[in-house]
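Report on the structure given below.
There are 2 protein chains.
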Amino acid sequence: MSFQKLDELGRSLGALEHALAILAADEATQMAVGGGEARAEAMSALAGMHHRQTTAPEIADWLDAAENETLEPDHAAAVREFRREYTNRTCLPTEFVERQMRTRMRCEQLWRDLRPKGDWTGFLPALEGVIEFAREEAALRADATGLPPYDAMMEQFDPGNRVAEIAPLFAELKSFLVDFVPNALETQQNRLKKTPLRPLSGAYPVEKQRELGLAMMAAVGFDVTRGSLSVSHHPFCGGVPTDVRITTRYRSNEFLSALMGTLHETGHALYEQNLPTEWAHWPLGKARGMAMHESQSLFVEKQIGRNPAFWEWALPVVEKHLGERWERDEILAHVHYVERGLIRVDADEVTYPLHVILRFEIEQELIDGSLAAKDLPEAWDARMRDFLGLSTMDTPQDGPMQDVHWPSGAFGYFPSYTLGAVIAAQQWAAIEREMPDVNQQIARGDFEAVNAWRRKHVWSQASLWTTPELVERSTGEPLNVARFRRHLEKRYGA
Amino acid sequence: MSFQKLDELGRSLGALEHALAILAADEATQMAVGGGEARAEAMSALAGMHHRQTTAPEIADWLDAAENETLEPDHAAAVREFRREYTNRTCLPTEFVERQMRTRMRCEQLWRDLRPKGDWTGFLPALEGVIEFAREEAALRADATGLPPYDAMMEQFDPGNRVAEIAPLFAELKSFLVDFVPNALETQQNRLKKTPLRPLSGAYPVEKQRELGLAMMAAVGFDVTRGSLSVSHHPFCGGVPTDVRITTRYRSNEFLSALMGTLHETGHALYEQNLPTEWAHWPLGKARGMAMHESQSLFVEKQIGRNPAFWEWALPVVEKHLGERWERDEILAHVHYVERGLIRVDADEVTYPLHVILRFEIEQELIDGSLAAKDLPEAWDARMRDFLGLSTMDTPQDGPMQDVHWPSGAFGYFPSYTLGAVIAAQQWAAIEREMPDVNQQIARGDFEAVNAWRRKHVWSQASLWTTPELVERSTGEPLNVARFRRHLEKRYGA
Ligand SMILES: [Zn+2]
Ligand SMILES: [Zn+2]
Numbered sequence: 001m002s003f004q005k006l007d008e009l010g011r012s013l014g015a016l017e018h019a020l021a022i023l024a025a026d027e028a029t030q031m032a033v034g035g036g037e038a039r040a041e042a043m044s045a046l047a048g049m050h051h052r053q054t055t056a057p058e059i060a061d062w063l064d065a066a067e068n069e070t071l072e073p074d075h076a077a078a079v080r081e082f083r084r085e086y087t088n089r090t091c092l093p094t095e096f097v098e099r100q101m102r103t104r105m106r107c108e109q110l111w112r113d114l115r116p117k118g119d120w121t122g123f124l125p126a127l128e129g130v131i132e133f134a135r136e137e138a139a140l141r142a143d144a145t146g147l148p149p150y151d152a153m154m155e156q157f158d159p160g161n162r163v164a165e166i167a168p169l170f171a172e173l174k175s176f177l178v179d180f181v182p183n184a185l186e187t188q189q190n191r192l193k194k195t196p197l198r199p200l201s202g203a204y205p206v207e208k209q210r211e212l213g214l215a216m217m218a219a220v221g222f223d224v225t226r227g228s229l230s231v232s233h234h235p236f237c238g239g240v241p242t243d244v245r246i247t248t249r250y251r252s253n254e255f256l257s258a259l260m261g262t263l264h265e266t267g268h269a270l271y272e273q274n275l276p277t278e279w280a281h282w283p284l285g286k287a288r289g290m291a292m293h294e295s296q297s298l299f300v301e302k303q304i305g306r307n308p309a310f311w312e313w314a315l316p317v318v319e320k321h322l323g324e325r326w327e328r329d330e331i332l333a334h335v336h337y338v339e340r341g342l343i344r345v346d347a348d349e350v351t352y353p354l355h356v357i358l359r360f361e362i363e364q365e366l367i368d369g370s371l372a373a374k375d376l377p378e379a380w381d382a383r384m385r386d387f388l389g390l391s392t393m394d395t396p397q398d399g400p401m402q403d404v405h406w407p408s409g410a411f412g413y414f415p416s417y418t419l420g421a422v423i424a425a426q427q428w429a430a431i432e433r434e435m436p437d438v439n440q441q442i443a444r445g446d447f448e449a450v451n452a453w454r455r456k457h458v459w460s461q462a463s464l465w466t467t468p469e470l471v472e473r474s475t476g477e478p479l480n481v482a483r484f485r486r487h488l489e490k491r492y493g494a
Numbered sequence: 495m496s497f498q499k500l501d502e503l504g505r506s507l508g509a510l511e512h513a514l515a516i517l518a519a520d521e522a523t524q525m526a527v528g529g530g531e532a533r534a535e536a537m538s539a540l541a542g543m544h545h546r547q548t549t550a551p552e553i554a555d556w557l558d559a560a561e562n563e564t565l566e567p568d569h570a571a572a573v574r575e576f577r578r579e580y581t582n583r584t585c586l587p588t589e590f591v592e593r594q595m596r597t598r599m600r601c602e603q604l605w606r607d608l609r610p611k612g613d614w615t616g617f618l619p620a621l622e623g624v625i626e627f628a629r630e631e632a633a634l635r636a637d638a639t640g641l642p643p644y645d646a647m648m649e650q651f652d653p654g655n656r657v658a659e660i661a662p663l664f665a666e667l668k669s670f671l672v673d674f675v676p677n678a679l680e681t682q683q684n685r686l687k688k689t690p691l692r693p694l695s696g697a698y699p700v701e702k703q704r705e706l707g708l709a710m711m712a713a714v715g716f717d718v719t720r721g722s723l724s725v726s727h728h729p730f731c732g733g734v735p736t737d738v739r740i741t742t743r744y745r746s747n748e749f750l751s752a753l754m755g756t757l758h759e760t761g762h763a764l765y766e767q768n769l770p771t772e773w774a775h776w777p778l779g780k781a782r783g784m785a786m787h788e789s790q791s792l793f794v795e796k797q798i799g800r801n802p803a804f805w806e807w808a809l810p811v812v813e814k815h816l817g818e819r820w821e822r823d824e825i826l827a828h829v830h831y832v833e834r835g836l837i838r839v840d841a842d843e844v845t846y847p848l849h850v851i852l853r854f855e856i857e858q859e860l861i862d863g864s865l866a867a868k869d870l871p872e873a874w875d876a877r878m879r880d881f882l883g884l885s886t887m888d889t890p891q892d893g894p895m896q897d898v899h900w901p902s903g904a905f906g907y908f909p910s911y912t913l914g915a916v917i918a919a920q921q922w923a924a925i926e927r928e929m930p931d932v933n934q935q936i937a938r939g940d941f942e943a944v945n946a947w948r949r950k951h952v953w954s955q956a957s958l959w960t961t962p963e964l965v966e967r968s969t970g971e972p973l974n975v976a977r978f979r980r981h982l983e984k985r986y987g988a
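Chains as they are written, first to last, in our numbering: chain E, 1 to 494; chain B, 495 to 988.
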């Protein structure tokens, strides 16, 4: 009986989530510019209904009762995830959430204004307010979950992620990369001395790039009857599992950024499209957190899409759509291009983790109070010099002002990006062990077996396990960076 | 205090209505084919939330209290419309609504299957069920409103519409048209003997038709920052006032159907875009019913878009976009083409009212029980012969099976179409009285003054008055068919 109430709640929440997801996708792709204010009001009211429905006090009673009922295993698992969601959503007082939301929104708006100007001084007071709230939030979440504060923040994004496990792995990865990046750059330089980069200039009409993207999406497994590709300023994967909305952005003078972006979002989409439909209206039926989601996008973008074998198959497809012939090594020189840079979102897969580890280290200090917001530029600059030999002291817009995460209050999210890359490498290694001919399959454009493995081990599991459990059950190994290191060494080493 | 509760209710309902409107537009234009089931579930759950919120018993208390408070005039008007909506929504028991909904949905599905086959016998039992419910509904609505049953049905669509007023007008219009149609056809035949119709064949690329449509929309006043034009199988005007979604459908061998359809939907859109924003979240702020809405679409489509003066301005625009030169009288021969036909939605403005009056007369007999569903084919055929000299005895798909309205239970809606045409003619007459040079304005593509008149007299009034009150206040005359008759005589007479 109690379970049935939770089940009905799930359907009602599912309807609001469906509306919010489609309204968000619509806003980015279809909405008239003048429609923004009414849309924001409508979405905020719907989010309020969702919040009231997810935090209703009677849910606690239903959960207590359901936890004492004898349930089939998947209902029991569903109750566990209902409980997790309920705890995550009710551990902050409503009044706190509202004050925090106003502070975040002001800070995010200010960030949009001041980042282009690099006005750190103007931005700092607002950021201090957000960090103050984040510390309080972490303490409240720690109380509710019994976890250390930063763990309690990460728990929202990836259940089971713990600093005690991640910090050593990130430390290992950092010390590896600090040495490896210069080596990879030198190797690249030697290679480019022999064979200079073939420039990607020329005209790539948007409509043809779109057809190419759609062909690649369908080939790697995207179900075009349950999703679509359109254009937005910031690419995303949104919508709902039965109607996944991918977007990309085209530049007519090159085709790789849109194509690799489309492959990345396709990776996210495959996860959504292949979640178990019978659980769709329960938290249990959702994708397991941000790190696992990013592992799926990076699997398609990096493990498949930057794999030399992939381009054996892909280059004729490119030629067919764009009318331009490329040799495999010519294109690999582009898609494997490594560069030291200041901006995380522009980083390649070799340097990217250093950007994340920098934030992970700093975030913990911000949350535990050992670092003050006003000391961020120095703390950032010091690590940037250590990690990549670059300075951001004079350009805060390329330093601690570069990401929306902190102004919007998302502390504990950054690790997911690099964990995703690490997990994707573990998954690829597991697949290679099981299917030694996987590269030959991919070279002929056959992604069936790879997708079958991912469906069985990842997609069908939805939120049945915590993130670390799911990593271990799917790959046969606990979370570790060895596979990712070997992946980088093989692809970028001497 | 009570008013504030109604005000908050309005915002909450507005959010759900916003979501439902955008989800519906998205479904028709963007949704992946496989997304339909989950979309239907989500929309039905959101509609359920809307229903529960609009029919909550405490609203009756708020209304009672607010009606006894001293309120500013627009708040008092808002309360009156909140009350009207509450009465319309609560006069049917929930259990009745659910049973009726199932019967309607089954009948509508059956209609989609059986209409193409003309299978009246297979369809009849389902239609009988829907009519049974409609009679019961009319009785319940009559009880709640104190109106006669059929009036109580019309009241949902056009507050204030009464058979006692409409029936004599429709009778006058019918007897006029039964004579006028043959005369108009003869006049047309004589004209075409002299100057044969210039055929509209040739290639009209969809993209160019779209640009033409957008140019015309903008010219007649559509605000492109608060709306858009896209493609769907069934053209509609949807979305929300700040983001009105118009759709059309293109045929590449002719351009007039898409263009006139776009002008029609633009008429609906102008009404929505120009409703008073300060009332937007109250029922008071909505467009006043279906007849008034149709008057706005028909005003743009027929009074403006089929006006000879309009084409003085429009033909160079057509030439610019489609690269084809037309003379005014050549195009008028197309847009004024009159034809006897069986299908309402294909009818021209001369014959269309006869299709509506036929349904209006039959509907009343269906609701008062003097006509049984099984006798519909004969009743339809008899009137069709009287009105237009055509028979549908052997083709029920072109007779009583042609519209979705009855299978879906929408009794009392049909009159709105012709009332819209009648009201549009009254509005045009009022404008001509006030601005004798209106045709010259339109001939130079200047729609400012016409739109200013409509904004002042119609759009800004939203739901401040009943439909007949609004007609009289805006045009200076009670609802009458004289203006529409004169309009037809002038345009189609000898
Ligand atoms: Zn991603
Ligand atoms: Zn219409």
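Even glycine gets a Cβ: it sits at the ideal position worked out from N, Cα and C.
Confirm, please, whether the CB-CB distance from B/G883 to B/A678 is below 8 angstroms. Taking the first residue of the second sequence as position 1, residue 678 of chain B is located at position 184. Taking the first residue of the second sequence as position 1, residue 883 of chain B is located at position 389. No, these two residues do not count as a Cβ contact at 8 angstroms.
Counting only Cβ pairs nearer than 9 angstroms, list the residues of chain A close to E/L229. This model lacks chain A altogether, as its protein chains are E and B.
Considering E/G118, what are the terminal residues of the beta strand (DSSP E) in which it resides? Counting from 1 along the first sequence, the entry for residue 118 of chain E is found at position 118. Here E/G118 belongs to no beta strand (DSSP E), and DSSP marks it neither H nor E.
Pair within 8 angstroms by beta-carbon distance, B/F497 and B/A560: Stepping through the second sequence from its first residue, residue 497 of chain B is reached at position 3. Stepping through the second sequence from its first residue, residue 560 of chain B is reached at position 66. Yes.
With a cut-off of 6 angstroms, give the chain-ordered residues whose Cβ is closer than this to any heavy atom of ligand 1. That query returns the following residues: E/H264, E/H268, E/E294, E/S297.
Please report the distance separating the alpha-carbon of B/E666 from that of B/A803. Counting from one through the second sequence, the residue named residue 666 of chain B turns up at place 172. Counting from one through the second sequence, the residue named residue 803 of chain B turns up at place 309. Near 29 angstroms, if we compare the C-alpha coordinates of B/A803 and B/E666.
Close Cβ partners of B/A620 (< 7 angstroms) along its chain, the five nearest in sequence each way excluded: By 1-based counting over the second sequence, the position of residue 620 of chain B is 126. Excluding positions up to five away in sequence, the list reads R600, C601, L604.
Using three-state DSSP, classify B/I740 as helix, strand or coil. Locating residue 740 of chain B in the second sequence gives position 246, counting from the first residue. Three-state DSSP puts B/I740 in a strand.
So with Cβ pairs under 8 angstroms, would you call B/I995 a contact of chain E? The structure shown has nothing for residue 995 of chain B, since chain B only spans 495 to 988.
Which same chain residues end up closer than 6 angstroms to E/H18 when comparing Cβ atoms and leaving out the 5 residues on each side of it in sequence? Against the first sequence, residue 18 of chain E aligns to sequence position 18. Cβ within range, chain order: V240.
With distances taken Cα to Cα, identify the nearest neighbour of E/G558 among E/E330, E/S416, E/L315. Examination of residue 558 of chain E is not possible in this model, given that chain E is present from 1 through 494 alone.
Keeping to the same chain, check which residues put their C-beta closer than 7 angstroms to that of B/P653; ignore five residues upstream and five downstream. The count along the second sequence starts at 1 and reaches residue 653 of chain B at position 159. Taking B/P653 as the centre and dropping the five residues before and after it, the same chain places the C-beta of R578, G783, T960, T961 closer than 7 angstroms to its C-beta, in chain order.
Check whether E/A77 and E/L464 have beta carbons under 8 angstroms apart: Along the first sequence, read from residue 1 onward, the residue named residue 77 of chain E stands at position 77. Along the first sequence, read from residue 1 onward, the residue named residue 464 of chain E stands at position 464. Yes, they are a contact pair.
Relative to chain E, which residues along the segment 807 to 818 of chain B have a C-beta separation below 7 angstroms, given in chain order? Under the 7 angstroms Cβ criterion, the segment 807 to 818 of chain B contributes no residue.
Can you have a look at B/A866 and say buried or exposed, based on whether 16 or more other CB atoms are within 10 angstroms of its CB? As a position in the second sequence, residue 866 of chain B is number 372, starting the count at 1. B/A866 should be labelled exposed.
The beta strand (DSSP E) that contains B/V734, what's its start and end? Indexing the second sequence from 1 puts residue 734 of chain B at position 240. Run containing B/V734: 731 to 734, per the beta strand (DSSP E) assignment.
Which residue wins for smallest C-alpha separation from B/F627, given the options B/L608, B/M647, B/G616? Reading the second sequence from its first residue, position 133 is the one you call residue 627 of chain B. Minimum Cα distance to B/F627 is reached at B/M647.
Per-residue DSSP class, three states only, for B/R800: What you label residue 800 of chain B is simply residue 306 of the second sequence in a count that begins at 1. Three-state result, B/R800: coil.
Could you check where the alpha helix (DSSP H) with B/S722 kicks off and where it finishes? Here residue 722 of chain B refers to the residue found at position 228 when the second sequence is read from its first residue. It is not in any alpha helix (DSSP H) - B/S722 instead sits in the beta strand (DSSP E) that spans 721 to 725.
From the DSSP output, in three-state form, read off E/Q324 for me. Against the first sequence, residue 324 of chain E aligns to sequence position 324. Inspection of the sequence shows that residue 324 of chain E is occupied by Glu rather than by Gln. DSSP places E/E324 outside both helix and strand once states are collapsed to three, so it counts as coil.
Tell me, please, whether the CB atom of E/D243 is closer than 8 angstroms to any CB atom in chain B? For the purposes of this step, residue 243 of chain E is taken as the residue at position 243 of the first sequence. For E/D243, the answer is yes, since a Cβ of chain B falls inside 8 angstroms of its Cβ.
Which residues of chain B have a Cβ atom closer than 8 angstroms to the Cβ of E/R11, listed in chain order? Stepping through the first sequence from its first residue, residue 11 of chain E is reached at position 11. Those are E535, A539, listed as they occur along chain B.
So, under 8 angstroms CB-CB, E/R236 and E/A28 are touching, yes? Tell me the CB distance rounded to an integer number of Å. What you label residue 236 of chain E is simply residue 236 of the first sequence in a count that begins at 1. What you label residue 28 of chain E is simply residue 28 of the first sequence in a count that begins at 1. Note on identity: in this sequence residue 236 of chain E is Phe, with Arg being the wrong assignment. Right, the Cβ-Cβ distance comes to about 7 angstroms (below 8 angstroms), so this counts as a contact.
Would B/V714 count as contacting chain E if we go by Cβ distances under 8 angstroms? Along the second sequence, read from residue 1 onward, the residue named residue 714 of chain B stands at position 220. No, because no Cβ of chain E sits closer than 8 angstroms to the Cβ of B/V714.
Any non-hydrogen atom of ligand 4 within 7 angstroms of B/V898 CB: This structure lacks ligand 4; its bound ligands are ligand 1 and ligand 2.
Compare the C-beta of B/I553 with all C-beta atoms of chain E and state if any pair is closer than 8 angstroms. Working through the second sequence from its first residue, we reach residue 553 of chain B at position 59. Taking 8 angstroms as the CB threshold, B/I553 stays off the interface with chain E.
In three-state DSSP terms, what is B/E511? Against the second sequence, residue 511 of chain B aligns to sequence position 17. B/E511: helix per DSSP, three-state reduction.
Helix, strand or coil for E/E489? Go by DSSP, reduced to three states. Working through the first sequence from its first residue, we reach residue 489 of chain E at position 489. The answer is helix: DSSP assigns E/E489 an H, G or I state.
Among all the DSSP beta bridges, which residues are the ones paired with E/E254? The residue you call residue 254 of chain E lines up with position 254 of the first sequence. For E/E254, DSSP records a beta bridge to E/R251.
In chain B, what lies closer than 7 angstroms to E/A19 by C-beta? If you number the first sequence from 1, residue 19 of chain E lands on position 19. Here the neighbours are A513, L517, A536, L540.
Whose Cβ in chain B lies nearer than 7 angstroms to the Cβ of E/E327? Taking the first sequence and counting its residues from 1, one reaches residue 327 of chain E at position 327. Near E/E327 there are no residues of chain B at all, since even the closest Cβ is about 37 angstroms away, more than 7 angstroms.
Buried or exposed (CB count within 10 angstroms, at least 16 for buried), B/R635: The residue labelled residue 635 of chain B in the question sits at position 141 within the second sequence. B/R635 comes out buried.
Alpha carbon to alpha carbon, what distance is there between E/R191 and E/E242? Within the first sequence, the letter at position 242 stands for residue 242 of chain E. Within the first sequence, the letter at position 191 stands for residue 191 of chain E. The sequence given here places Thr at residue 242 of chain E; Glu does not occur at that position. As the crow flies, the alpha-carbon of E/T242 is around 45 angstroms from that of E/R191.
Measuring CB to CB, does B/Q767 end up less than 8 angstroms from B/R704? Position 273 of the second sequence, counted from the first residue, corresponds to residue 767 of chain B. Position 210 of the second sequence, counted from the first residue, corresponds to residue 704 of chain B. No; because the gap between Cβ atoms is not below 8 angstroms, this pair is not in contact.
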